[in-house]
Amino acid sequence: MHDRPLVASEKAPATGTWRRVVRLFMPHRLAICFVVLLVVAYSALNAAVPLLTQLVFDRALFGAGGPDLPLLALIAGLAAATACAVGVVDLGQTWVSARVAQQVVHALRVELFGRLQRMPLAFFAATRGGEIQSRLANDTAQIEHAVKDTLPGTLSGVIGFVAAAGAMVALSPRLAGAALVLAPIVVWVASRSGRALKNVSEVSQRSRAHLSSIVAERLCLGAVTLARVHGRSADEAGRFAAESRRLIRLGVRSGLVAQGVLSAGHVFFVLTPYLVFVAAGLSDGITPGTLVAFTVLQARLYQPLWQLLHVSTEFRSAQGAFERVFDYLDMEPAPELEPGPDPRPAPSPGPGALTVREATFRYAAEDRDRPALDGVSLTLAAGSTTLVVGPSGSGKTTLGHLLAGLHAPTEGSVRVDGAEIGRPSPGRVCIATQEPFLFQGSIADNLRYAAPDATADDLVRACRLAHVHERIMALSDGYDSLVGERGALLSGGERQRIALARALLADASVLVLDEATSALDPMTELEVVKAILAERAGRTTVMITHRFGVLDSFDTVVALDEGRVAEHGARLDLLGDRHGWYARTVRAQTGAA
1 MHDRPLVASE KAPATGTWRR VVRLFMPHRL AICFVVLLVV AYSALNAAVP
51 LLTQLVFDRA LFGAGGPDLP LLALIAGLAA ATACAVGVVD LGQTWVSARV
101 AQQVVHALRV ELFGRLQRMP LAFFAATRGG EIQSRLANDT AQIEHAVKDT
151 LPGTLSGVIG FVAAAGAMVA LSPRLAGAAL VLAPIVVWVA SRSGRALKNV
201 SEVSQRSRAH LSSIVAERLC LGAVTLARVH GRSADEAGRF AAESRRLIRL
251 GVRSGLVAQG VLSAGHVFFV LTPYLVFVAA GLSDGITPGT LVAFTVLQAR
301 LYQPLWQLLH VSTEFRSAQG AFERVFDYLD MEPAPELEPG PDPRPAPSPG
351 PGALTVREAT FRYAAEDRDR PALDGVSLTL AAGSTTLVVG PSGSGKTTLG
401 HLLAGLHAPT EGSVRVDGAE IGRPSPGRVC IATQEPFLFQ GSIADNLRYA
451 APDATADDLV RACRLAHVHE RIMALSDGYD SLVGERGALL SGGERQRIAL
501 ARALLADASV LVLDEATSAL DPMTELEVVK AILAERAGRT TVMITHRFGV
551 LDSFDTVVAL DEGRVAEHGA RLDLLGDRHG WYARTVRAQT GAA
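Those letters in the sequence shown? Residues 1 to 593, per the UniProt record's numbering, in order.
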């Protein structure tokens, strides 16, 4: 299987990623404006505290005439009120910012899931399941971690830095210059380290996705069974350990690069006070209160700058995750599954007449000249019963998928009751496949997936038709029995029959059975098929099968060969042609002379 998706956009440059991230926040611009106001208030209140400190030293404690206790009490009251206001404003901006960040990540996650739901089936066939899960889980988790800090951290950092720097300039322009002289060096180091951090993060995310793929592929029932049968369990554990060690090395590199940014900031924070003290010693008229207030302001300056460095490293780490998610969002979904109004009439139960006109279909990843289907034309009357047969690779399953709307023909058309069908149409066409999929849950839950309003009697009736009711009732909890992961607690025949019963509950005008009874023994298969055809009398049923020698209840046979219709006609007529493919295969399967 391939790690890469079938269709993906070119890697967007970093500036493009930044612009797309900004656009994610645009629907919340009113809330962001409110956050900006709160952050401005928070920064202004924080910057006011050092100014009050200057008043305490220069006026209330060491002013002319000695300590001024009433003024000291007034300043202390103002400081207490300011501290309370800072706490309330900070709590408010944190709450609003967190809500905005969570809504942004929620919208991104939902959009990604919806886009994947509309991808062609060939995409899922060519992409490892762990890769998809990693982008939905690991990448969005890293984005969530970054986004929840990005908005408040960026706003608080920028506005807090400007407010603190402005207060410094108001106190002493010379001291402010000394405090800020090293800031450009820190910004340059952060920019260089940020690019390295982004590269390491991208490789780490790919490694994490590969690790998820190993878990998803190698720890399912079938893979564990295969590993034990061939004695490969130790090899699988070694493979996982090797990828995990690689991820450890990448994590160490990422931590070192991120710490490099923070270490540069630490050097700035340690050296700057001494530069200020030197500047104060070389200046005249610097009062003790001004120097103390300036020292307090330095802490107010360091905090937002440190916050900006932290946000920068967090976002650089998440930039690779953003690009991987955007990569999936830029892929082209199946045209027939694009959202928007459907000009065709809404699907509704009808007679079930099928018309296929010059239908050709080629898989996107197909590298051979011959398409899977090549100019197939068929007309199946409403209420007819049709067998679709042919050698392996003749296009039988592809035809079934076209009839069910799972694929749109590359050329030509497929119509049901005169309406062109290019997408799944519940109520009009239903398909049961050879490999039944059961969700983790009860048997009843899986059955009601096709008919949420089905009653208990409806479930029993469908399961009786599929010859599985008695087997279900033999289980400890009957229809409430759990099926396990992908139905692992059931046998292959039970899974297939439950899936068949689920398809019957859909009560569609056209039912396509694509090897849906292959796990049953021939006599049970014959009984099940006859029961289904009797129940669906007057509605169209198409059965795709390799094993048809004993199935004599179908009106019409369509034999495919190399993507084309080789034989098509009444079953008895094709049996009369002793040299035809269908007649020869029936004789081989039944042992007839």
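Glycine is no exception: its CB is placed at the ideal position from the N, C-alpha and C atoms.
Can you say whether residue 231 is buried or exposed, counting buried as having 16 or more other CB atoms within 10 angstroms of its CB? exposed
Taking buried to mean at least 16 other C-beta atoms within 10 Å of its own C-beta, is residue 468 buried or exposed? buried
Going by Cα to Cα distance, which pick from 84, 86, 391 and 498 is closest to residue 563? 391
If you draw a straight line from the alpha carbon of residue 441 to that of residue 497, how long is it in whole angstroms? 17 Å
So what does DSSP say about residue 433, is it helix, strand or coil? coil
Check whether the Cβ atoms of residue 314 and residue 146 lie closer than 7 Å to each other. yes
Which residues mark the beginning and the end of the beta strand (DSSP E) in which residue 36 is found? Note, residue 36: premise wrong, no beta strand (DSSP E); alpha helix (DSSP H) at 29 to 55.
Buried or exposed: where does residue 590 fall if 16 or more other Cβ atoms within 10 Å of its Cβ makes it buried? exposed
Given that a residue counts as buried once 16 or more other Cβ atoms are within 10 Å of its Cβ, and exposed if not, what is residue 532? buried
May I ask you to verify whether the segment 575 to 583 touches the segment 400 to 415, counting CB pairs closer than 8 Å and requiring at least 3? No, the segment 575 to 583 is not in contact with the segment 400 to 415.
Which same chain residues, not among the five before or five after residue 55, have their C-beta less than 7 Å away from its C-beta? 75
Using DSSP bridges, identify the partner residues of residue 564. 561
Anticipated Cβ contact below 8 Å, residue 575 with residue 388, distance rounded: That belief does not hold up - the Cβ atoms of residue 575 and residue 388 are roughly 16 Å apart, past 8 Å.
Using the DSSP secondary-structure output, state which residues sit across from residue 386 in a beta bridge. 542 and 556
Nearest-angstrom Cα separation, counted from residue 202 out to residue 319: 8 Å
Out of 435, 291, 472 and 71, which one is the CA nearest neighbour of residue 606? For the chain, the structure presents residues 1 to 593; residue 606 sits outside this window and is missing.
So the beta strand (DSSP E) residue 86 belongs to, where does it begin and stop? Unbroken run through residue 86 is the alpha helix (DSSP H), 69 to 117; no beta strand (DSSP E).
Length at least 4, wholly inside the segment 266 to 330: the alpha helix (DSSP H) runs in chain order: Listed in chain order, the alpha helix (DSSP H) elements of length 4 or more contained wholly in the segment 266 to 330 are 288 to 329.
Evaluate contact between the segment 115 to 123 and the segment 69 to 85, counting only Cβ atoms and requiring at least three cross-stretch pairs below 8 Å. no
Specify the secondary structure class of residue 134 as computed by DSSP and reduced to three states. Of the three classes helix, strand and coil, the one that applies to residue 134 here is helix, per DSSP.
Run through the segment 452 to 531 for me and flag every whole beta strand (DSSP E) of 3 or more residues, listed as ranges in chain order. 510 to 514
Relative to the C-alpha of residue 107, which residue among 158, 175 and 25 is closest? 25
Closest residue to residue 537 among 437, 381, 359 and 572 (Cα-Cα distance): Among 437, 381, 359 and 572, the Cα nearest to that of residue 537 belongs to 381.
Nonlocal neighbours in the same chain, by C-beta distance under 6 Å from residue 50, ignoring five residues either side: 293, 296 and 297
Can you tell me whether residue 410 is helix, strand or coil according to DSSP? coil
For residue 59 and residue 67, the rounded distance between their alpha carbons: 8 Å
Let me confirm a value: residue 98 is counted as buried when at least 16 other C-beta atoms fall within 10 Å, else exposed. Which label applies? exposed
Nearest-angstrom Cβ-Cβ length linking residue 311 and residue 94, presumed shorter than 8 Å: The Cβ separation is near 15 Å, so there is no contact.
Residue 504 to residue 370 span [Cα, whole Å]: Distance between the alpha carbons of residue 504 and residue 370: 35 Å.
Under a Cβ-count criterion, where at least 16 other Cβ atoms within 10 Å of its own Cβ denotes burial, should residue 324 be classed as buried or exposed? Around the beta-carbon of residue 324, 16 or more other beta-carbon atoms lie within 10 Å, marking it buried.
Could you give the C-beta distance for residue 92 and residue 38, rounded to a whole number, given that I count them as a contact under 8 Å? 5 Å
Since I believe residue 113 is in contact with residue 136 (beta carbons under 8 Å), could you give me their beta-carbon distance rounded to a whole number of angstroms? Residue 136 to residue 113, Cβ: 7 Å. Contact.
Excluding the 5 residues preceding and the 5 following residue 420 in the sequence, name in chain order all residues of the same chain whose CB lies nearer than 6 Å to its CB. 413
Beta-carbon spacing of residue 508, residue 430 below 7 Å: In contact: residue 508 and residue 430 (Cβ atoms closer than 7 Å).
Out of 516, 238 and 377, which has the shortest C-alpha to C-alpha gap to residue 435? 516
Presumed contact (8 Å Cβ cut-off) between residue 118 and residue 333, rounded CB distance: Indeed they touch by this definition, with Cβ atoms about 4 Å apart.
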